[in-house]
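Our numbering puts the first residue of the sequence shown at 254, with every later residue one more than the last.
Note that CB positions come from ideal geometry on N, CA and C, so glycine has one too.
Data first, discussion second: the structure below is written as structure tokens.
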Amino acid sequence: MTTRQWRDGQAVASDFPLSEVSERLEEDGSLIWVDLCDPGRAHLAELAGELGLDSHAVEDAVTAYERPKATRHARHTFLTVYATRLDPGDPTPGRRESRLVTSRISAFVLPRGIITVRSDDTFDMAPVLERWNEDPELLRLGVGALVHGLLDTVVDGHFEAIQRLDDAIEGLEDLLFDDRGPSHEVQVRTYRLRKELVELRRVVLPMREVVNAVLRHRSELEGRHTELDGSYDDLYDHVLRASEWTESLRDMITTVFETNLSLQDARLNTVMKKLTGWAAIIAVPTAVTGWFGQNVPYPGFGKGSGVLMSAGVILGIGVVLYIVFKRKSWI
């Protein structure tokens, strides 16, 4: 649990107990932040009873698989958003598991404070706190500044994940048109990227509704500060860009998948033409000698060693052809 209090934009207290939250919220010019990481139901029940938090919102804060949303209740607004992070690298060849890590953050937005609830510590709140502290004048504008700082950090994380997926798709395109590139690796990476984009899309697209709801409810939570309007408009623009970028990447990876199938068909046709050509060349002497029944003495003719020699020639040529075809991925 982390607690912090600002007054007139300046930090005045930290790490105070939950029992003091309601009293500090009543102080003029006070701004409160309470962060609970993987809280027990007892902590949430204590806080809900002290601050009058809606029971449905408290239940949503601890329930798994809640979608991103913003809901207005009698005394507060409840938010659920997901921070994202894409693990770097791919140390395991052929890895199909998604590298996208999502962290749920729920927030109870009060007129003079914000309470964040995280399911685990995969999302670090330090950058959010740093963003809040770097501009004391912004904190004078009230809880809207805290909400904006939190959402802006989350959206920046979305952009970082999207950018890395974009770079991964570009690398996949280079591998796709490499005739000597491993086709299986292209298929595995395409599958993994599609899976990661689907997961990312689930948390990025609903952010438009979340930011819209926050914009509508701002005037209900606080005196409307027009100084924050530009910041929220910029935040909404970033959310739209992230959504559009995610959709465009989804189309790109679908195109890569379809192009890979087309290239596989084209390569298969080329192989078939080569094999058919060689089969036609070999068929001519085979047909002539077979039709006329030509049979001439060969080394070992009429001897037992000749059988072994001919069997060895057949086996050796067969092994050589198998190795050549395997290296060319024809079989």
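- Distances from the alpha-carbon of Val456 to those of Arg357, Gln440, Ala295 put Arg357 closest.
- Put simply, the region 363 to 379 does not touch the region 452 to 467. Fewer than three CB pairs are less than 8 angstroms apart.
- Contact check for Gly402 and Leu284: beta-carbon distance about 12 angstroms, past the 8 angstroms limit, so the pair fails to qualify.
- The beta-carbon distance between Gln416 and Asn513, rounded to whole angstroms, is 23 angstroms. This is too long to meet the 8 angstroms contact definition.
- No residue range can be given for Arg352, since it is assigned to no beta strand (DSSP E) and is classified by DSSP as neither H nor E.
- For the pair Arg393 and Asp490, the CB atoms are not nearer than the 9 angstroms cut-off.
- Here the alpha carbons of Ser501 and Glu426 stand approximately 15 angstroms from one another.
- Taking 9 angstroms as the cut-off, the beta carbon of Ala301 is found no closer than this to the beta carbon of Val287.
- Taking a cut-off of 8 angstroms on C-beta distances, the region 319 to 333 does not touch the region 382 to 389, as fewer than three cross pairs fall below it.
- Ser372 has its alpha-carbon roughly 19 angstroms from the corresponding atom of Asp340.
- Counting every other CB atom within 10 Å of its CB across the protein chains shown gives Met254 a total below 16, marking it as exposed.
- In this structure, the alpha-carbon of Arg320 lies about 10 angstroms from that of Val463.
- Gly553 sits in coil when the DSSP states are folded into three classes, being neither helix nor strand.
- Your pair Met460 and Val408 checks out as a contact, with CB atoms roughly 7 angstroms apart and the cut at 8 angstroms.
- With contacts defined by Cβ atoms closer than 9 angstroms, Arg328 and Val315 do not form a contacting pair.
- Closest option to Val362, judged by alpha-carbon separation, among Met378, Arg352, Leu399: Leu399.
- Beta-bridge partners of Lys322 (DSSP): Thr333.
- In terms of CA proximity to Leu488, Asp405 leads the group Leu418, Ala532, Asp405.
- The beta-carbon distance between Ser359 and Leu332, rounded to whole angstroms, is 7 angstroms. This is short enough to meet the 8 angstroms contact definition.
- Apart from sequence neighbours up to five positions away, the residues of its chain that approach Met505 with a beta-carbon distance below 7 angstroms are Ile422, ordered along the chain.
- A direct Cα-to-Cα measurement between Thr337 and Ala379 gives close to 15 angstroms.
- Just measuring C-alpha positions, the residue of Cys290, Val509, Thr330, Leu289 sitting nearest Ser308 is Thr330.
- Annotated three-state conformation of Ser515 is helix, per DSSP.
- Glu299 is positioned such that its CB atom lies no closer than 9 angstroms to that of Leu278.
- Of the other Cβ atoms in all chains shown, 16 or more fall within 10 Å of the Cβ of Val509; this residue is therefore buried.
- Cβ contact annotation for Leu450 (same chain, cutoff 8 angstroms, sequence separation greater than five): Leu418, Thr499, Leu502, Arg503, Ile506, in chain order.
- Per DSSP, Arg328 lies in no beta strand (DSSP E) segment and is marked neither H nor E.
- Assignment of Ala564 by DSSP, reduced to helix, strand and coil, places it in the helix class.
- Per DSSP, Asp388 lies in no alpha helix (DSSP H) segment and is marked neither H nor E.
- Contact annotation: Asp291 and Asp374 have beta-carbon atoms nearer than 9 angstroms.
- Using a Cβ distance threshold of 9 angstroms, Gly571 and Met562 do not count as a contacting pair.
- Close CB contacts of Leu468 within its chain, under the 8 angstroms cut and outside five residues either way in sequence, are with Tyr485, Tyr489 (chain order).
- Annotated three-state conformation of Ser359 is strand, per DSSP.
- In this structure, Arg520 is the residue among Ala533, Arg520, His411 with its C-alpha nearest to the C-alpha of Leu429.
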